[in-house]
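Novice: Numbered as in UniProt numbering, the sequence shown ends at 374 without a single skipped number.
Using N, Cα and C, we set each Cβ at its ideal position, and we do this for glycine too.
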Amino acid sequence: MNGSGDVPAQQPEAEETTTPAAEVPEIRVDEAEDTQSDGDAIEANEDHDSNGASDAGSAVSGITVGFAHGTFFLMRRPVEYLLSFPPEEEFAANRPRALWKLALNATLRAVQGRTLNWGVLFARRKKRQQYIELLKRRQREPRRVQDVEEAQEWAQVIREIHPDDLHLWRCIVTYQLRRDVVHERSQQQRSVCRYATRNKKVHHLTHNVQYRTVKWRVYRHPTFDIGRRMLKWADDQLQLSQARSTVKTTAGDTDPSGLHCVMCKTSITAPPYWCCLTCNEDTVVCYACKERTEREKEWLYLRGTFALNGTGPHNWSHTLASALLADLEMITAETDQEKAVTMEERIARVEAKLDASNFKLAALENLLRAVLAR
1 MNGSGDVPAQ QPEAEETTTP AAEVPEIRVD EAEDTQSDGD AIEANEDHDS NGASDAGSAV
61 SGITVGFAHG TFFLMRRPVE YLLSFPPEEE FAANRPRALW KLALNATLRA VQGRTLNWGV
121 LFARRKKRQQ YIELLKRRQR EPRRVQDVEE AQEWAQVIRE IHPDDLHLWR CIVTYQLRRD
181 VVHERSQQQR SVCRYATRNK KVHHLTHNVQ YRTVKWRVYR HPTFDIGRRM LKWADDQLQL
241 SQARSTVKTT AGDTDPSGLH CVMCKTSITA PPYWCCLTCN EDTVVCYACK ERTEREKEWL
301 YLRGTFALNG TGPHNWSHTL ASALLADLEM ITAETDQEKA VTMEERIARV EAKLDASNFK
361 LAALENLLRA VLAR
């Protein structure tokens, strides 16, 4: 510290800084100077991930680490700098020309990022196809030894493409590999697609084997199909019972058909009722027993899912499907009609108020004209 003011102490140069082995190594961050080889930064980013989508390259800066006398240096570089950086051989041959090429590459990438033309799209498409082909080859044959030309082509693609694009293209490769057929030729006489069979998907799109793994399908739970079958069976039983009841029978005849509640054994002649989807046998529960079970909560006094009072295998833990009232749609329609009539009445009242307001405004306008005429 001198008399002119407080001056912060300057850090010594990299070659003059030494740190003993027992002490913590000094960290030096160089934002402006190019003290290390920039080609090493690119190679460090390439070796980070096998598919080229390096997390270090996709961050704000690239990182190069070197050790000299117990000190390592951290140089931060943006992603655009690493993508626009020429090869190290050009720097060794002619450094000014290489720096000029670096500036041109950075400017060209900035301009291409703001404008869009067919040339840029064609070049991106070609690079994408090249990367996808190389990555497919590497993933299908991971133990294959790469030749020099393929390794150079891979390194060039990774060096020139932004990491975000590499991540996107890798996702495309993943879906394409799932779609491609890798097994031998099928010798069967008939092949059935398990995604396009009946009651497994909604057939609102044309079936295409090529897109069977990437097409969005509507999820259909098997419980829905079981519920529909049970409700149809119960409705058929009710119709059969009603048809037989119209036929005159003798006093000694009994009608075993129809629906009977599994809890109270009473006959069910019309909805609402509940069908059990878990029991092995066709089981129906009347509406009163279901309401009583929900109200008394019998499962609170049980240690297991067992039926009460010897009512059979059915118990409260089973899944039930309800058959609604037949007049529910009619009631809903009547309610909608009432709402529509009420809405029309409200609109008529509003129109009447507007007409009255118009009459008052006309009278006020006539009064103003009379005042101005004086």
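Shortest alpha-carbon distance to D164 belongs to which of L240, Y175, R128, L372?
Specialist: Sequence index remark: in the sequence shown, residue 164 carries index 164 (1-based). When only C-alpha atoms are compared, the closest one is R128.
Novice: In terms of alpha-carbon separation, which member of Q139, C289, R109, R228 lies closest to L277?
Specialist: Residue numbering aside, residue 277 sits at position 277 when the sequence shown is read from its first letter. Scanning Q139, C289, R109, R228 for the CA closest to the CA of L277 turns up R228.
Novice: Please classify M343: is it buried, with 16 or more other beta-carbons within 10 angstroms of its beta-carbon, or exposed?
Specialist: Working through the sequence shown from its first residue, we reach residue 343 at position 343. Exposed is the call here.
Novice: Express the C-alpha separation of M230 and D282 in angstroms, rounding to a whole number.
Specialist: Against the sequence shown, residue 282 aligns to sequence position 282. Against the sequence shown, residue 230 aligns to sequence position 230. Cα to Cα, D282 sits roughly 8 Å from M230.
Novice: Does DSSP put T246 in a helix, in a strand, or in coil?
Specialist: For the purposes of this step, residue 246 is identified with residue 246 of the sequence shown, where counting begins at 1. T246 falls in the coil class under three-state DSSP.
Novice: Beta-carbon within less than 7 Å of H314's beta-carbon, same chain only, minus the 5 sequence neighbours each way: which residues are those?
Specialist: In the sequence shown, residue 314 corresponds to position 314, counting from 1. Hits under 7 Å: V262, C276, C279, T283, A307.
Novice: Check this for me: beta carbons of P86 and A98, under 8 Å apart or not?
Specialist: One-based indexing of the sequence shown puts residue 86 at position 86. One-based indexing of the sequence shown puts residue 98 at position 98. In contact: P86 and A98 (Cβ atoms closer than 8 Å).
Novice: Give the DSSP-derived three-state secondary structure of A270 in the structure shown.
Specialist: Stepping through the sequence shown from its first residue, residue 270 is reached at position 270. The three-state reading of DSSP puts A270 in coil, since its state is none of H, G, I, E or B.
Novice: Can you list, in chain order, the residues of its chain with a C-beta nearer than 8 Å to that of V157? Leave out the 5 residues immediately preceding and following it.
Specialist: What you label residue 157 is simply residue 157 of the sequence shown in a count that begins at 1. Taking C-beta separations shorter than 8 Å and ignoring five residues to either side along the sequence, the partners of V157 in its chain run G52, K127, Q130, Y131, L134, following chain order.
Novice: Using a Cβ-Cβ cut-off of 7 Å (strictly less than) and excluding sequence neighbours within five positions of I226, which residues of its own chain qualify?
Specialist: Your numbering for residue 226 matches position 226 in the sequence shown. Closer than 7 Å at the Cβ level, and outside the excluded window around I226, lie L277.
Novice: Using a 10 Å radius around the Cβ and a threshold of 16 neighbouring Cβ atoms, would you call A92 buried or exposed?
Specialist: Indexing the sequence shown from 1 puts residue 92 at position 92. By the neighbour-count rule (16 or more Cβ atoms within 10 Å), A92 is not buried but exposed.
Novice: Let me know the secondary structure DSSP gives V145 once reduced to three states.
Specialist: Start at 1 with the first residue of the sequence shown, and residue 145 comes out as number 145. The answer is coil: DSSP assigns V145 none of H, G, I, E or B.
Novice: Hey, quick one: how far does the alpha helix (DSSP H) through C289 stretch, first residue to last?
Specialist: The sequence position of residue 289 within the sequence shown is 289, counting from 1. Per DSSP, the continuous alpha helix (DSSP H) segment holding C289 begins and ends at 287-296.
Novice: Cα separation between E80 and A155?
Specialist: Residue 80 sits at position 80 when you count from the first residue of the sequence shown. Residue 155 sits at position 155 when you count from the first residue of the sequence shown. Straight-line Cα distance between these residues: approximately 17 Å.
Novice: Would A321 and P272 qualify as a contact pair, given that the criterion is a beta-carbon distance under 8 Å?
Specialist: As a first step, residue 321 must be located in the sequence shown, where it is residue number 321. As a first step, residue 272 must be located in the sequence shown, where it is residue number 272. Cβ distance not < 8 Å, so A321 and P272 don't count as in contact.
Novice: Please report the Cβ distance between G258 and Q239, rounded to the nearest whole angstrom; I am assuming they are in contact, meaning their Cβ atoms lie under 8 Å.
Specialist: Counting from 1 along the sequence shown, the entry for residue 258 is found at position 258. Counting from 1 along the sequence shown, the entry for residue 239 is found at position 239. 10 Å between Cβ atoms; not a contact.
Novice: From what residue to what residue does the beta strand (DSSP E) around L320 run?
Specialist: Position 320 of the sequence shown, counted from the start, is the residue given in the question as residue 320. Segment 320-323, the beta strand (DSSP E) holding L320.
Novice: So, is S245 buried or exposed, given that buried needs 16 or more other C-beta atoms within 10 angstroms?
Specialist: Along the sequence shown, read from residue 1 onward, the residue named residue 245 stands at position 245. With fewer than 16 other Cβ atoms from the protein chains shown falling within 10 Å of its own Cβ, S245 counts as exposed.
Novice: When the cut-off is 8 Å and only beta carbons count, does S317 lie next to chain D?
Specialist: Going by chain labels, chain D is absent from the structure shown, which holds only one protein chain.
Novice: Based on Cα-Cα distance, which residue from T107, E365, S357, K232 lies nearest to L83?
Specialist: To locate residue 83, count along the sequence shown from 1; it is residue 83. Selected option, being the one with the closest Cα: T107.
Novice: Could you work out which residue in N358, T319, L121, R109 is closest to P222 when comparing CA atoms only?
Specialist: As a first step, residue 222 must be located in the sequence shown, where it is residue number 222. The candidate whose alpha carbon is nearest that of P222 is T319.
Novice: Could you give the residue range of the beta strand (DSSP E) that holds L74?
Specialist: Working through the sequence shown from its first residue, we reach residue 74 at position 74. Here the beta strand (DSSP E) through L74 covers 71-75.
Novice: Mind checking W118: buried by the 16 CB within 10 Å criterion, or exposed?
Specialist: Locating residue 118 in the sequence shown gives position 118, counting from the first residue. So W118 counts as exposed.
Novice: Can you check whether the CB of L177 is closer than 8 Å to the CB of Q139?
Specialist: As a first step, residue 139 is located in the sequence shown; it is residue number 139 there, counting from the start. As a first step, residue 177 is located in the sequence shown; it is residue number 177 there, counting from the start. Closer than 8 Å, so yes.
Novice: If you drop the 5 nearest sequence neighbours on each side, which residues of the same chain put their C-beta closer than 7 Å to that of C289?
Specialist: By 1-based counting over the sequence shown, the position of residue 289 is 289. Contacts found: C261, M263, C264.
Novice: Roughly how many angstroms separate the alpha carbons of F72 and E88, rounded to a whole number?
Specialist: Here the question's residue 72 lines up with position 72 in the sequence shown. Here the question's residue 88 lines up with position 88 in the sequence shown. For F72 and E88, the distance between alpha carbons rounds to 22 Å.
Novice: Which first and last residues belong to the alpha helix (DSSP H) in which W100 is found?
Specialist: To locate residue 100, count along the sequence shown from 1; it is residue 100. Here the alpha helix (DSSP H) through W100 covers 95-114.
Novice: According to the Cβ coordinates, are T293 and W274 closer than 8 Å?
Specialist: Here residue 293 refers to the residue found at position 293 when the sequence shown is read from its first residue. Here residue 274 refers to the residue found at position 274 when the sequence shown is read from its first residue. No, Cβ-Cβ distance for T293 and W274 is not below 8 Å.
Novice: Which of the three DSSP states, helix, strand or coil, is assigned to C171?
Specialist: Numbered from 1 along the sequence shown, position 171 holds the residue referred to as residue 171. Three-state DSSP puts C171 in a helix.
Novice: Going by DSSP, what residue range makes up the alpha helix (DSSP H) through S84?
Specialist: For the purposes of this step, residue 84 is identified with residue 84 of the sequence shown, where counting begins at 1. 79-84 is the extent of the alpha helix (DSSP H) around S84.
Novice: Quick one: is A356 buried, meaning 16 or more other Cβ sit within 10 Å of its Cβ, or exposed?
Specialist: Here residue 356 is taken as the residue at index 356 of the sequence shown, counted from 1. Exposed, by the Cβ-count rule.
Novice: In terms of residues, what are the limits of the alpha helix (DSSP H) holding G258?
Specialist: Numbered from its first residue, the sequence shown carries residue 258 at position 258. First-last for G258: undefined, no H or E at that position.
Novice: Which residue comes first and which comes last in the alpha helix (DSSP H) that contains E133?
Specialist: Translated into positions along the sequence shown, residue 133 becomes position 133. Run containing E133: 118-140, per the alpha helix (DSSP H) assignment.
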